[in-house]
Amino acid sequence: MHKQKSIGIIGAGSIAEAMLDGILDEGILLPENIYITNKSNDDRLEFFRESYGVNTTRDYKEILSKCRYLIIAVKPADIGELLAVLKKWVTMNHIIITLAAGITTEFVETSLGKKIQVIRAMPNTSCKIKESATAIALGRNAKKEASDFAKEIFSSIGKVSTVEESMMDAVTGLSGSGPAYVYLLMEAMVEAGVKVGLPRSLSEELTIQTVCGAAKMALNSGESPKILRKKITTPGGTTMAAMKVLENANFTGAFIEAVDSATKRSRELMTQHSSLHKFRHVL
Ligand SMILES: NC(=O)c1ccc[n+]([C@@H]2O[C@H](COP(=O)([O-])OP(=O)(O)OC[C@H]3O[C@@H](n4cnc5c(N)ncnc54)[C@H](OP(=O)(O)O)[C@@H]3O)[C@@H](O)[C@H]2O)c1
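Just so we're aligned, residue 1 is where the sequence shown starts under our numbering, counting upward by one.
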């Protein structure tokens with residue numbers, strides 16, 4: 001990656017910050033070559049300017065004239081309106097990465113009215129500490145250059161998998177929302193620890209290190225989570241006693257239903273929020 005590359009980030013919310021934090025920390029881009037904007041929150045832009053030293057502006061034209069690479073990090077509900085405005089200044093030379101859950105590359109191309117290079121990406125908030133599980137899907141016009149750029153950006157803040165776009169809603173349901181599932185599990189473990197008699201601070205400390213250690217085991221041992229679990233579940237032992245309770249409560253079934261529901265929600269976002277018909281026309 002040439003540090004001199006200029007990148008425009010449209011949307012200054014939590015995922016934009018998490019990404020920026022990781023990218024700048026990794027040193028693959030220079031803050032003076034990053035331009036960020038949002039809709040109306042001035043304090044937030046000031047925060048970005050002061051904390052990260054990046055450029056802030058409300059002038060889309062400025063961003064699009066200075067930056068070939070654009071990262072769109074607005075909510076799915078806002079993307080239709082945004083693309084309708086950007087259309088005036090976007091050229092075939094631009095390369096767009098969209099993070100909006102559920103929004104297809106086809107929708108972005110069609111809304112912009114150009115056979116432009118678009119990449120759809122789904123990182124998660126662990127990009128802040130360079131541990132994101134990101135999946136990217138290439139739009140039909142995306143060339144190697146666009147894919148290399150996206151891979152370089154996202155591999156600097158975690159691991160990247162390239163997938164067919166048809167898988168992106170499932171990715172969103174699994175790893176996009178995934179950190180929240182793990183936090184919920186951790187919340188439950190902390191409460192359980194308190195319930196069985198531990199001070200809250202100790203319960204939190206033990207929970208966090210346990211999850212961290214188990215994740216590192218799964219990452220480094222080369223064994224599947226299932227095998228690792230079986231190895232430490234002795235018949236008649238303490239872990240087995242806990243597993244029986246979780247099985248009876250349909251833990252796995254509930255989890256599958258949860259991820260399925262998030263996946264369906266990602267699919268719905270496309271139709272609900274993107275005003276598809278309004279901007280649709282043949283390229
Ligand atoms: N959070 C995650 O873990 C995560 C993970 C992967 C992907 N994503 C995707 O990333 C996108 C952003 O999520 P988020 O959690 O970062 O949302 P967020 O915190 O609500 O931030 C959204 C940002 O978009 C800005 N915005 C809205 N309309 C705009 C416009 N027309 N022009 C410029 N900026 C505009 C908002 O500006 P104002 O504040 O001024 O209104 C705000 O800065 C979503 O589509 C989400 O699906 C999120």
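Positions of the beta carbon are idealized from the N, C-alpha and C atoms, including for glycine.
Is residue i near ligand 1, going by C-beta to nearest heavy atom under 7 Å?
i: E247; result: no
i: N141; result: no
i: R120; result: no
i: G53; result: no
i: V163; result: no
i: P235; result: no
i: G13; result: yes
i: R265; result: no
For residue i, count the other beta carbons within 10 Å of its own beta carbon; 16 or more makes it buried, fewer makes it exposed. Which is it?
i: R280; result: Only weak support exists for where R280 lies, its pLDDT of 43 falling under 50; the coordinates are left without a value.
i: C212; result: exposed
i: F107; result: buried
i: D260; result: exposed
i: F251; result: exposed
i: F255; result: exposed
Does DSSP put residue i in a helix, a strand or coil?
i: N220; result: helix
i: H281; result: The predicted model places H281 with a pLDDT of 38, which falls under 50 and marks its position as unreliable, so this point remains unresolved.
i: R265; result: helix
i: L138; result: strand
i: S175; result: helix
i: S132; result: strand
i: G53; result: coil
i: G193; result: helix
i: K226; result: helix
i: V160; result: strand
Since I believe residue j is in contact with residue i (beta carbons under 8 Å), could you give me their beta-carbon distance rounded to a whole number of angstroms?
i: I10; j: L82; result: 7 Å
i: I119; j: A150; result: 5 Å
Hey, quick one: how far does the alpha helix (DSSP H) through residue i stretch, first residue to last?
i: K3; result: From DSSP, K3 is part of no alpha helix (DSSP H); its letter is neither H nor E.
i: T238; result: 238-248
i: V85; result: 76-86
i: S126; result: Per DSSP, S126 belongs to no alpha helix (DSSP H) and is neither H nor E.
i: S155; result: 144-155
Tell me the residue span of the beta strand (DSSP E) that contains residue i.
i: M122; result: 117-122
i: K114; result: That residue, K114, is in no beta strand (DSSP E); it is neither H nor E in DSSP.
i: L70; result: 69-72
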